[in-house]
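What follows is a short report on a single structure.
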């Protein structure tokens, strides 16, 4: 069982247009509504591939009702924490070359009581968990030490914790000793406060996070694939994909990594295969076995240290 916590979930609306023009009138060539948030996407990907996942979410208002209904449609075991304010809505506009323009609402303000209830409910639902995935942005009212405190409270259970977030919350959580973190390139650069141009730069940044407390670092690099840095070694991996939408691709990558054991080059290969499959699908659709198929992934145990990672 995998348990995910999405502190700031959303109802995601994706619209496909031929070309986005500022101030123009657009006719949508496609549209979808899906449950959103990093932890939710991870749960969706796992369930789509025949694994068990439980999603803990704070959800209030009519949008919260819609979110829960959408999650149940995906056969996800949902644990709802009701909140006074409503779940946010996000809009993504996708162009044919996979360029995504996002408009994300900030999210509801959670009271101190709601935050404590959310933590208590999570702790009550991890007894059968292999991993807990704490992912996504934090809504107003939630302090930047939220994930760090959660890691400390989960420690007695022995469950492994993954953190996938950004900004101060990410930097603070790293010091709390999560088993795994999965930053993208922007988040990794923000965490170490410098630009990263090569594979060597990414590996050095990952090792810096490990020196601060993180166990394994899985860095997603968009079209350049991913870099895995752990005790057993360092690997790079990539796979070709026909891009359609990058929304949720990093979450699919994380789900694939966990599904394959959460360690080593085979898990990295699975992660990159799932991420590449997600990029080829519309909106934030999570890939299933038929989408991943026999997708070829190149895993390199001897990465080219000076290889550029920017387009």
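Numbering (the numbering used here), first residue to last: 555 to 865.
Virtual Cβ for every residue (Gly too), placed ideally from N, Cα, C.
### Message
Could you compute how far the alpha carbon of residue 737 sits from the alpha carbon of residue 616?
### Response
32 Å
### Message
Excluding the 5 residues flanking residue 722 on each side, which residues of the same chain have their C-beta closer than 6 Å to its C-beta?
### Response
698
### Task
State the Cα-Cα distance for the pair residue 594 and residue 687, rounded to the nearest angstrom.
10 Å
#### Entry: In chain order, each alpha helix (DSSP H) run of at least 4 residues that lies wholly inside the segment 665–746
666–677, 700–708, 721–728, 739–746
### Task
Would you decide whether residue 588 is buried or exposed? Buried here means 16 or more other CB atoms lie within 10 Å of its CB.
buried
### Task
For residue 867, write down the residues that DSSP places opposite it in a beta bridge.
Because the chain is modelled from 555 through 865, residue 867 falls outside the range shown and cannot be assessed.
### Message
Quick check: what's the CA-CA separation for residue 649 versus residue 565?
### Response
20 Å
### Task
Can you check DSSP and say which residues form a bridge with residue 862?
752
### Query
How long is the line joining the alpha carbons of residue 661 and residue 568, rounded to whole angstroms?
18 Å
### Query
What alpha helix (DSSP H) runs, 4 residues minimum, are completely inside the segment 788–824?
803–813
#### Entry: Contiguous alpha helix (DSSP H) assignments of at least 4 residues, all confined to the segment 574–643
592–602, 615–627
### Task
Go ahead and label residue 765 buried or exposed: buried means 16 or more other beta carbons lie within 10 angstroms of its beta carbon, across all protein chains shown.
exposed
### Query
Quick check: the segment 824–834 against the segment 844–864, are there 3 or more CB pairs under 8 Å?
yes
### Range covered by the alpha helix (DSSP H) that runs through residue 844
843–846
### Task
Tell whether a beta-carbon distance below 9 Å holds between residue 561 and residue 739.
no
### Task
Would you kindly report the start and end of the unbroken beta strand (DSSP E) that includes residue 773?
770–774
### Task
Would you list the residues sitting across from residue 854 in a DSSP beta bridge?
790
### Message
Rounding to the nearest angstrom, what Cα-Cα distance links residue 679 and residue 746 in this structure?
### Response
34 Å
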